[in-house]
Amino acid sequence: MEKEFERNEHGHVVLTLTGLNLTGEQEIARHLASPDAKMCDWAMSCLLSKNSDGYDAKHRLVEGQVYRVALMPTNVIKVDSERTADALRQYGVNNFGYGKGLAGLIPRMREVVSNAEMKSMGFRFIAGLHDLIKDSDGDPNELLFDGGDDGRWLRASWVLPGIRWVGLGAVALLLPAS
0 MEKEFERNEH
10 GHVVLTLTGL
20 NLTGEQEIAR
30 HLASPDAKMC
40 DWAMSCLLSK
50 NSDGYDAKHR
60 LVEGQVYRVA
70 LMPTNVIKVD
80 SERTADALRQ
90 YGVNNFGYGK
100 GLAGLIPRMR
110 EVVSNAEMKS
120 MGFRFIAGLH
130 DLIKDSDGDP
140 NELLFDGGDD
150 GRWLRASWVL
160 PGIRWVGLGA
170 VALLLPAS
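With the first letter of the sequence shown counted as 1, position 4 gets the number 3 in numbering that gives the first Met the number 0; the numbers rise by one all the way through.
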């Protein structure tokens, strides 16, 4: 049975998540231990990154801290060529007062949002819009998850200036005072 998700005054789904201070290696083990869980190599590389921008150095959540996240549909920006990560983040800040996403929230959201629930929300993916993490090739990535029929995927997407997001998903942005 699908759960009812809270919505804010803008109609965006709001998730309340509790932080776990897990390392990237612990996140991988936790995710892959859940039924039907899958992870792409790039997400694994980001979670295991030992760079100064790596998951362990910059993206872990605070143990026990409560985070409130709004899922802003990517189609709020109607023109495909204008739907970049920076434009989506700025739209969320300027129009709704949202803050930047956090990479550590993506694994927590993957645990509480099923593929069927994503589909009922109208989202094919939910992306983090967090500070970028360089993968093992040195390419900048953002963590995301998608709701395909072949499992509960945790992925990473290559993000450079001008790279566009399709209008079929959502971005996870912090609500004020999170």
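Positions of the beta carbon are idealized from the N, C-alpha and C atoms, including for glycine.
Beta-carbon spacing of residue i, residue j below 8 angstroms
i	j	result
LEU142	ALA155	yes
SER33	ASP134	no
ALA42	LEU153	yes
HIS30	ARG107	no
LYS99	HIS129	yes
ILE105	GLY137	no
Outcome for residue i when other beta-carbon atoms lying within 10 angstroms are tallied against a minimum of 16
i	result
VAL112	buried
ARG6	exposed
THR73	buried
ASN140	buried
GLU26	buried
GLY96	exposed
VAL78	exposed
ALA69	buried
ALA84	buried
Candidates the options: closest to residue i by CA position
i	options	result
ILE132	SER48, GLY146, GLY10	SER48
VAL65	ASP148, LEU16, GLY10	LEU16
LEU101	GLY18, ASP40, HIS9	GLY18
LEU60	ASP40, LEU21, ARG67, TYR97	LEU21
ASP55	GLY63, LEU46, CYS39	LEU46
MET71	ASP52, GLU3, HIS11, LEU174	HIS11
GLY161	PHE122, ALA86, HIS9	ALA86
VAL170	ASP148, ASP40, MET120	MET120
Same chain only: Cβ atoms within 6 angstroms of residue i, ignoring 5 sequence neighbours per side
i	result
PHE124	LEU143, ASP145, GLY168
ASN50	LYS133
GLY23	LEU46, LEU47, TYR54, ASP55
GLY103	HIS58, ARG59, LEU60
ARG88	LEU128
PRO175	GLY96
CYS39	ARG154
Cut-off 7 angstroms between Cβ atoms - residues of its own chain near residue i, not counting five sequence neighbours on either side
i	result
LYS118	GLY146
SER80	ARG163
ARG82	THR73, ILE76, ARG163, TRP164, GLY166
ARG151	SER33, ASP35, ALA36, LYS37, ARG109, ASN114
GLU62	GLY18, LEU19, ASN20
Residues near residue i in its chain [Cβ-Cβ closer than 8 angstroms; skip 5 each side]
i	result
VAL13	PHE4, GLU5, ARG6, ASN7, ARG67, VAL68, ALA69, LEU70, LEU174
ASP149	LYS37
ASP52	ASP130, LEU131, ILE132, LYS133
Inter-stretch contact at 8 angstroms, needing at least 3 Cβ pairs: the segment 90-98 / the segment 24-41: no
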